[in-house]
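Engineer:
In the working numbering, the protein residues as written are 4 to 565.
1. Identify the continuous alpha helix (DSSP H) that holds residue 231 and give its terminal residues.
2. Identify, in the order they occur along the chain, each residue of the same chain with its Cβ nearer than 7 angstroms to the Cβ of residue 457, setting aside the five sequence neighbours on each side.
3. Return the CA-CA distance between residue 544 and residue 353, expressed in angstroms with no decimal places.
4. State buried or exposed for residue 209, treating a residue as buried only when at least 16 other CB atoms are found within 10 Å of its CB.
5. Leaving out five residues before and five after residue 509 in sequence, what residues of the same chain have Cβ atoms less than 8 angstroms from its Cβ?
6. Quick check on DSSP: helix, strand or coil for residue 400?
7. Does the region 283-293 come close enough to the region 233-241 that 3 or more CB-CB pairs lie under 8 angstroms?
8. Counting Cβ pairs, one atom from each stretch, are 3 or more of them under 8 angstroms apart for the region 472-489 and the region 424-431?
9. My output table needs one value for residue 329: the three-state DSSP class, helix, strand or coil.
10. Have a look at 372, 330, 268 and 526 and flag the residue whose alpha-carbon is nearest the alpha-carbon of residue 365.
11. Over what stretch of residues does the alpha helix (DSSP H) that includes residue 280 continue unbroken?
12. What are the complete alpha helix (DSSP H) segments, minimum 4 residues, inside the region 335-398?
13. Could you tell me which uninterrupted alpha helix (DSSP H) segments, each at least 4 residues in length, are contained entirely in the region 456-533, listed from first to last along the chain?
14. Counting pairs of beta carbons, one from the region 439-458 and one from the region 381-396, are three or more of them closer than 8 angstroms?
15. Flag this pair as touching only if the region 294-307 and the region 264-281 have three or more C-beta atom pairs under 8 angstroms; answer yes or no.
16. With distances taken Cα to Cα, identify the nearest neighbour of residue 206 among 426, 312 and 466.
17. If you reduce the DSSP assignment to three classes, tell me which class residue 453 lands in.
18. Quick check on residue 541: does DSSP put it in helix, strand or coil?
19. Can you give me the C-alpha to C-alpha distance between residue 154 and residue 327, rounded to a whole angstrom?
20. Do you know whose CA, among 565, 511, 547 and 389, lies nearest residue 461's CA?
21. Taking contact to mean at least 3 C-beta pairs separated by less than 8 angstroms, is the region 246-255 in contact with the region 308-322?
22. Any idea if residue 226 is buried or exposed, counting beta-carbon neighbours within 10 angstroms, 16 or more meaning buried?
23. For residue 418, collect the residues of the same chain with a Cβ closer than 7 angstroms to its Cβ; drop the 5 residues on either side in sequence, then sort them by chain order.
24. Looking at residue 201: is its Cβ nearer than 8 angstroms to the Cβ of residue 552?
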């Protein structure tokens, strides 16, 4: 009997020949197995329903009725067919050609496109690159992910199963629970997008979600990571993250142990990168539920994983890089978002806490990416400024050779925004805000340069001039309701608070940073730094007195030791 080369390697159920599939099921087994042999947390090969069949029928009808607001008839048909397919998939053997159901064909009329494996869209493509092609009569998930809008994709495949009856924040589910709560899932995703002040272009969202869809369909670790991400985010939205703090932390710890066990095995370089990415993602989740000292300790502990990613991926390093430095330009051009997020936390944390950067970065390579990286538009923090911030940190700690503070100052003073990086389709007031937020970063970095590198006190005319412009810009930038949707302003407010000499300005900074709802999704949360500023204002800066960078560091070490 015939057998394909990839099939002989095992690790999944054969889609090509029935004799290689003892169960007759077309569900793909997880490529990775849990180290302890436990049932997979969200294995697609073990789909279960949290409710009875009758409730599923009711959910299906409810979900189908929700597609009436779709933008096109074609989209409506696709959504309904997907929901019908989901109904079939509640039975492990439903993809077989039984008498009760016939396969649903979602290939567009007249299309001659050859179906490809979903894995080829990204994620685990190098692992699954020899899967046999699907039967053209069957659903083509790659075509769906290309043509459906991002909202429908994420709502159905990721968020729809986050239901109270099957996924409470305090539980660590051991199997993938498929729920048909589509309308609620759609609202959750819209709410998640709502916390982004500058929403990315729809094309970027679609590309990002296609990658997620590819990975969660083919990789068990990716499904678990996305589920944990959703649980943490949902608990924050519901205000229950403190209530379920220990359960969430234990769930993340358990997942990390599974990933570490996998990393101890013999893996390809590609899978090593994927598993290290999983660990970095857990770092960001822990940062959302832990306080600043705990997060910083975890951050330091995760630095070796970042170094492994950089050292094992030459695309993150400049061509001539004998010292294996992480290139800021190459990190921002990479499709691996975890490394860019870690780098931004490192360089911003160095400024905020006055500590050395954990990694040394190549800041001499010019930026070459053609469109803004997510860490740029989420914080409206251009890559040029990220390079300059890393340079300022290195100069402050006397680690930067060959470039003095005057060169950095000149680059900041002569900087102009790149028009091609401005998001398209923004309302006119948001277009102005986009430019204004970037300008706040420029003024903030100038104040930080003068204060931390030049060593001048806060009453220096250059600092006070930049401070006046910063407050003027902050008045221009409109705050939204709910406050969680506002611009991430942590670094700007912190430097403004250090340099403010009047009670009026200090009160403005205090009010902005103390708003827990507004700062909840910021990379660094405001309420934890307010006591540091209070200590500074009531100490060295009492009565509007000028202070130095060392005064701030003393207050930070006293109130917020790390």
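All C-beta atoms, glycine included, are put in the ideal place defined by N, C-alpha and C.
Structural biologist: Here's the rundown:
1. Looking at the DSSP string, the run of the alpha helix (DSSP H) that includes residue 231 is 223-241.
2. Counting only residues of its own chain and dropping the five nearest sequence neighbours on each side, residue 457 has a CB closer than 7 angstroms to the CB of 408.
3. Cα to Cα, residue 544 sits roughly 23 angstroms from residue 353.
4. Buried is the call here.
5. Answer for residue 509: 500, 503, 536 and 540, listed in chain order.
6. Three-state DSSP puts residue 400 in coil, outside helix and strand.
7. Enough Cβ pairs lie closer than 8 angstroms, so yes.
8. Result no; under three Cβ-Cβ pairs closer than 8 angstroms.
9. Residue 329 falls in the strand class under three-state DSSP.
10. Just measuring C-alpha positions, the residue of 372, 330, 268 and 526 sitting nearest residue 365 is 330.
11. From DSSP, the alpha helix (DSSP H) with residue 280 extends over 272-292.
12. Entirely contained in the region 335-398, the alpha helix (DSSP H) runs reaching 4 residues are, in chain order, 340-356 and 377-382.
13. Runs found: 464-479, 493-502, 506-517 and 519-522.
14. Counting Cβ pairs under 8 angstroms, three or more are found: they touch.
15. Judged by Cβ distances under 8 angstroms, the region 294-307 makes no contact with the region 264-281, as fewer than three pairs qualify.
16. Among 426, 312 and 466, the Cα nearest to that of residue 206 belongs to 426.
17. The answer is helix: DSSP assigns residue 453 an H, G or I state.
18. Correct three-state label for residue 541: coil.
19. Below a pLDDT of 50, predicted positions are generally treated as unreliable, and residue 154, at 39, falls in that range; the measurement from the model is reported next regardless. Our two residues, residue 154 and residue 327, have alpha carbons roughly 40 angstroms apart in a direct line.
20. Comparing Cα positions, the closest option is 547.
21. Touching, no.
22. The residue in question, residue 226, is buried, as its Cβ has 16 or more Cβ neighbours within 10 Å.
23. Counting only Cβ-Cβ distances below 7 angstroms, and skipping sequence neighbours, we find 387 and 445.
24. Their beta carbons are not under 8 angstroms apart, which means residue 201 does not touch residue 552 by this criterion.
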